[in-house]
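J.:
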Amino acid sequence: MKSIKIKADNLNVYYGEKQALFDVSMYMEEKQVTALIGPSGCGKSTFIRCLNRMNDVIDICKVQGKIEIDGNDIYAPDMQVEQLRERVGMVFQKPNPFPKSIFENVAYGPRIHGIAEHKSDLEEIVVNSLKKAALFDEVKDRLNDAGTGLSGGQQQRLCIARAISVNPDIILMDEPCSALDPIATARIEELMGELKTEYTIIIVTHSMQQAARVSSRTGFFHLGKLVEVDKTETIFSNPSDQRTQDYITGRFG
Amino acid sequence: MTDGIEQRINSLNKRLNSEKRFRIYCIGAMSFALAWVLILFLNIFSSGYSAFYRTVIQVDVPFLNLIEDTTQFTEMSSEDINNLSMYSFSKKAIYGLFPDIEEKKDKKMLIRLFSIEFEQEIREFLKSNKSNINETETIYLTASDDVDQVNKGNYPRELDEDKRRIKDIQLLFFDDLVDRGLVSYEFNLPFLMRGDSREPELAGVGGSIVGSLFTILVVLILSFPIGIFAAIYLEEFAPKNRVTDFIEININNLAAVPSIVFGLLGLGIILNTFGLPRSTPLVGGIVLSLMTLPTIIIATRASLRAVPPSIREGALAVGATKMQAVMHHVVPVAMPGALTGTIIGLAQALGETAPLLLIGMVAFVVDVPQTPLDASASLPVQVYLWSESAERGYVEKTSATIMMLLGFLILMNLAAVLIRRKFETKW
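Protein sequences appear in the order of chains A and B. Quick note: the first sequence uses the working numbering, first residue 1, plus one each step. Quick note: the second sequence uses the working numbering, first residue 1, plus one each step.
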């Protein structure tokens with residue numbers, strides 16, 4: 001049994017009057033990939049956005065319950081959200097590199113957090129992050145070109161490099177491959193396999209095959225409720241809930 | 001079956017025909033609009049271009065008659081030269097064009113071929129060339145407006161003499177001067193350099209150009225930062241509630257307030273309560289800023305809104321503060337749009353007349369303003385002032401001023417387009 005990195009306890013999330021998550025409780029293990037699956041609108045993205053308090057941006061969003069990372073309540077009043085997000089990186093559904101150079105895209109995080117003291121440190125961080133994101137070889141000759149000029153898959157890996165540039169513990173991935181073709185998807189999945197040795201990864205995905213390929217534990221969401229969470233093999237071979245069974249066999253969703 | 005196909009072909013033809021008609025209407029509407037613009041431009045250019053030329057008459061001025069030795073001028077200060085009595089000397093120099101005239105009346109007519117400031121022109125020539133004056137110098141003196149118009153062919157010479165301001169004898173003098181090659185037609189530099197004047201041939205747009213530039217500068221300095229900051233706050237930071245809704249509605253209302261109302265506000269508050277100097281570009285700029293602000297705020301907000309939210313999320317997700325995300329990533333992307341809005345706002349302010357009338361920028365100002373605190377006119381007000389004058393010189397100068405105003409507006413809009421093209425972020 002791995003140690004527990006993230007623990008959610010009776011999490012309820014409301015968008016105005018509408019409740020999006022109902023009493024979600026689950027834990028995520030350190031240096032493992034946890035996949036969240038479920039039909040559209042089931043609340044899995046809402047859940048993952050609670051983990052780095054990205055939902056704070058939405059005015060009408062209200063979060064009740066408790067999320068602990070390494071035993072610290074991230075919704076505690078003394079928790080600084082900028083510091084939290086330095087530890088919990090995020091990769092979004094659509095690649096969203098800044099309209100700046102490739103170098104600037106990766107250097108931005110370390111620069112605002114004052115991680116690199118000298119220019120050479122910064123360059124080292126950028127190169128390492130790009131290497132970890134398996135992008136360095138493709139862009140090493142054009143670090144000053146616009147990040148938005150890369151292909152979709154490269155852009156997404158650039159976003160991964162940006163996320164790991166501030167040296168987080170956790171990387172949240174919100175359907176990172178939904179805008180990519182199968183080859184780029186395969187590369188990102190391969191990359192996740194490498195990254196999980198260093199980072200705790202939570203991935204939201206629509207593709208059950210992807211969840212089965214990359215994750216060790218899988219949670220199934222339906223209508224805002226966490227129906228079932230268990231080892232990935234168990235979920236896909238012998239789910240305990242009928243709804244999970246129906247979903248993974250393609251009867252709805 | 002065949003009936004069905006025929007029906008469908010008929011209905012398709014109908015749809016295609018109606019599309020054709022629609023296109024013709026659209027092209028018609030566009031041509032109509034373009035035709036009016038063309039007519040406007042042609043009209044203004046045809047009556048205005050001649051103001052950029054002026055008629056000058058060559059006069060030999062025997063400075064030896066004024067002083068025993070012309071090298072003495074070198075030692076004189078400008079003040080000394082100002083104190084020289086030169087009026088009758090200057091008149092005599094002009095009489096020298098036609099030495100045979102004896103009658104006083106004819107001499108007077110001859111003098112009237114020239115602009116009323118001929119003495120001043122000779123004095124200015126003397127001042128700027130005082131170290132190098134020969135016994136006799138050839139000076140180009142400005143012709144009077146009537147002569148200028150005759151020379152430009154705008155004056156109906158064939159009218160009866162008592163219906164013309166220019167008399168037969170003056171025409172005789174003029175034609176003779178033309179035959180002797182003493183009349184020339186040159187680029188009207190003084191028109192661009194001087195302030196307003198009661199003499200149409202001497203009036204210039206220099207004062208109002210400088211006044212307009214000062215005004216626009218004040219507008220830029222005031223409304224650009226205020227507008228940008230207000231837009232950023234409203235779009236990125238302000239909570240969405242009734243107060244901000246109310247503010248938003250009122251900013252949009254402000255954009256639709258008739259400009260003369262802002263003039264009244266300027267008169268009531270800026271001039272009367274705060275006591276800032278009347279007729280100055282400073283006050284004009286403040287009043288026009290109030291008018292430009294909503295334009296800048298609305299344009300900037302629109303371009304901020306056009307920045308995809310994913311960019312903000314990307315920055316926030318690496319731990320940027322809200323302000324860092326906005327300032328580092330959103331504002332740079334929105335800047336071209338904000339600048340375009342600002343330039344269009346400034347162009348509007350440049351062409352605005354009504355509020356300036358109320359704060360006294362409609363005054364007759366001879367001097368070119370040196371600072372935004374000097375009384376001044378502006379280009380559109382100058383158009384308004386001259387358009388009320390009957391002299392032909394003012395008529396062409398009105399059109400020429402409109403040309404300059406349009407020129408500035410086209411330049412500014414061009415700048416807006418170029419900025420947008422050059423700095424727009426490509427996704």
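Just so you know, even glycine gets a beta-carbon here, dropped at the ideal spot from N, CA and C.
Using the Cα positions of N128/A and S223/B, report the straight-line distance between them to the nearest angstrom.
T.: Your numbering for residue 128/A matches position 128 in the first sequence. Your numbering for residue 223/B matches position 223 in the second sequence. Approximately 46 Å, taken between the alpha carbons.
J.: So, are the CB atoms of G263/B and S378/B less than 7 Å apart?
T.: As a first step, residue 263/B must be located in the second sequence, where it is residue number 263. As a first step, residue 378/B must be located in the second sequence, where it is residue number 378. Cβ distance not < 7 Å, so G263/B and S378/B don't count as in contact.
J.: If contact is defined by three or more beta carbon pairs under 8 Å, each pair taking one atom from either stretch, is the segment 284 to 292 of chain B in contact with the segment 249 to 267 of chain B?
T.: Result yes; three or more Cβ-Cβ pairs closer than 8 Å.
J.: With a cut-off of 7 Å, does the C-beta of T321/B fall near any C-beta of chain A?
T.: What you label residue 321/B is simply residue 321 of the second sequence in a count that begins at 1. Answer yes: the Cβ-Cβ gap between T321/B and chain A drops below 7 Å somewhere.
J.: Pick out whichever of F114/B, I232/B, R164/B, S310/B has its Cα sitting closest to the Cα of L177/B.
T.: Counting from one through the second sequence, the residue named residue 177/B turns up at place 177. Taking only the C-alpha atoms, the option nearest L177/B is F114/B.
J.: Let me confirm a value: L358/B is counted as buried when at least 16 other C-beta atoms fall within 10 Å, else exposed. Which label applies?
T.: Taking the first residue of the second sequence as position 1, residue 358/B is located at position 358. By the 10 Å Cβ count, L358/B comes out buried.
J.: When Cβ atoms are compared, which residues of the segment 78 to 90 of chain A fall closer than 9 Å to chain B?
T.: Per Cβ criterion, the list reads V81, E82, Q83, L84, R85, E86, R87, V88, G89, M90.
J.: Smallest Cα separation from R53/A: which of A8/A, C42/A, P97/A?
T.: Your numbering for residue 53/A matches position 53 in the first sequence. Among A8/A, C42/A, P97/A, the Cα nearest to that of R53/A is on A8/A.
J.: Would you list, in sequence order, the uninterrupted alpha helix (DSSP H) runs of no fewer than 4 residues that lie entirely inside the segment 74 to 157 of chain B?
T.: Segments of the alpha helix (DSSP H) lying fully in the segment 74 to 157 of chain B: 78 to 83, 87 to 95, 104 to 111, 118 to 128, 145 to 151.
J.: Which residues does DSSP list as the beta-bridge partners of K328/A?
T.: Because chain A in this structure spans residues 1 to 253, residue 328/A falls outside the shown range and cannot be described.
J.: Any C-beta of chain A within less than 8 Å: which residues of the segment 302 to 318 of chain B qualify?
T.: Under the 8 Å Cβ criterion, the segment 302 to 318 of chain B contributes P308, S310, I311, R312, E313, G314, A315, L316, A317, V318.
J.: Residues of chain A with CB under 9 Å from P239/B, in chain order?
T.: Here residue 239/B refers to the residue found at position 239 when the second sequence is read from its first residue. Those within 9 Å of P239/B in chain A are D59.
J.: According to the neighbour-count rule (16 or more other Cβ atoms, all chains shown, within 10 Å of its Cβ), is M323/B buried or exposed?
T.: Counted from its first residue, the second sequence places residue 323/B at position 323. So M323/B counts as exposed.
J.: Using only alpha-carbon positions, find the residue among L158/A, K196/A, V13/A that is nearest to F22/A.
T.: Counting from 1 along the first sequence, the entry for residue 22/A is found at position 22. When each option's Cα is compared against that of F22/A, the closest is V13/A.
J.: Where in the segment 184 to 234 of chain B do unbroken runs of the beta strand (DSSP E), each at least 3 residues long, occur, reported from the N-terminal end onward?
T.: Qualifying beta strand (DSSP E) stretches: none in this window.
J.: Report the neighbours of I37/A on chain B: residues whose CB is nearer than 7 Å to its CB, in chain order.
T.: One-based indexing of the first sequence puts residue 37/A at position 37. Per Cβ cutoff of 7 Å: no residues; I37/A is ~22 Å from chain B at best.
J.: Could you check if N43/B is buried or exposed, using at least 16 other CB atoms within 10 Å of its CB as the buried criterion?
T.: Residue 43/B sits at position 43 when you count from the first residue of the second sequence. N43/B comes out exposed.
J.: So what's I69/A in DSSP terms, helix, strand or just coil?
T.: Counting from one through the first sequence, the residue named residue 69/A turns up at place 69. Note: I69/A maps to strand in three-state DSSP.
J.: Applying a beta-carbon distance threshold of less than 8 Å, which residues of chain B neighbour M54/A?
T.: Residue mapping note: residue 54/A aligns to position 54 of the first sequence, counting from 1. Ordered by position in chain B, the residues that pass the 8 Å Cβ test against M54/A are E313, L316, A317.
J.: What is the DSSP secondary structure of P62/B, reduced to helix, strand or coil?
T.: Within the second sequence, residue 62/B is the residue found at index 62, counting from 1. It is a strand residue.
J.: For M109/B and K167/B, which I take to be in contact (beta-carbon distance under 8 Å), what is that distance rounded to the nearest angstrom?
T.: For this step, residue 109/B is matched to residue 109 along the second sequence. For this step, residue 167/B is matched to residue 167 along the second sequence. Between K167/B and M109/B the Cβ distance is about 6 Å, and since that is below 8 Å, they are a contact.
J.: Report all residues from its chain with a CB closer than 6 Å to the CB of R243/A; omit the five preceding and five following residues, and keep chain order.
T.: Taking the first sequence and counting its residues from 1, the one referred to as residue 243/A is at position 243. Excluding sequence neighbours, R243/A sits near H222, V227.
J.: What residues from the segment 92 to 110 of chain A come within 7 Å of chain B, judged by C-beta to C-beta, listed N to C?
T.: Answer set for the segment 92 to 110 of chain A: F92, K94, N96, F98, P99, Y108, G109.
J.: Using 8 Å as the Cβ pair cut-off and three pairs as the minimum, do the segment 45 to 57 of chain B and the segment 394 to 403 of chain B touch?
T.: Yes: at least three Cβ pairs fall under 8 Å.
J.: Would you list the residues sitting across from I170/A in a DSSP beta bridge?
T.: For the purposes of this step, residue 170/A is taken as the residue at position 170 of the first sequence. Paired residue(s): V88/A, T200/A.
J.: For A8/A, name the three-state secondary structure that DSSP assigns.
T.: Start at 1 with the first residue of the first sequence, and residue 8/A comes out as number 8. Strand.
J.: Tell whether a beta-carbon distance below 7 Å holds between I160/A and V91/A.
T.: Residue mapping note: residue 160/A aligns to position 160 of the first sequence, counting from 1. Residue mapping note: residue 91/A aligns to position 91 of the first sequence, counting from 1. Yes.
J.: Considering only C-alpha positions, which residue in the set T71/B, D80/B, F98/B, L40/B is nearest to D60/B?
T.: Numbered from 1 along the second sequence, position 60 holds the residue referred to as residue 60/B. Here the closest residue by C-alpha is F98/B.
J.: V326/B CB to nearest chain A CB: under 7 Å?
T.: Translated into positions along the second sequence, residue 326/B becomes position 326. Not an interface residue.
J.: Would you decide whether L66/B is buried or exposed? Buried here means 16 or more other CB atoms lie within 10 Å of its CB.
T.: Taking the second sequence and counting its residues from 1, one reaches residue 66/B at position 66. Per the 10 Å Cβ criterion, buried.
J.: Could you pull out every unbroken alpha helix (DSSP H) segment of at least 4 residues lying fully inside the segment 71 to 146 of chain A, listed in chain order?
T.: 81 to 87, 102 to 113, 119 to 132, 136 to 139, all fully within the segment 71 to 146 of chain A.
J.: What is the C-beta distance between T200/A and D169/A, in whole angstroms, given that I count them as a contact (C-beta under 8 Å)?
T.: The count along the first sequence starts at 1 and reaches residue 200/A at position 200. The count along the first sequence starts at 1 and reaches residue 169/A at position 169. Contact flag correct, Cβ pair sits at about 6 Å.
J.: Would a check of beta-carbon distances place T425/B closer than 7 Å to chain A?
T.: To locate residue 425/B, count along the second sequence from 1; it is residue 425. At least one chain A Cβ lies under 7 Å of T425/B.
J.: Taking Y384/B as part of the alpha helix (DSSP H), name the residues at either end of that continuous run.
T.: Taking the second sequence and counting its residues from 1, one reaches residue 384/B at position 384. Here the alpha helix (DSSP H) through Y384/B covers 379 to 387.
J.: Using a Cβ-Cβ cut-off of 7 Å, state whether I164/A counts as contacting chain B.
T.: Against the first sequence, residue 164/A aligns to sequence position 164. I164/A does not count as touching chain B.
J.: Does any C-beta atom of chain A lie closer than 7 Å to the C-beta of V331/B?
T.: One-based indexing of the second sequence puts residue 331/B at position 331. By this cut-off, V331/B is not an interface position.
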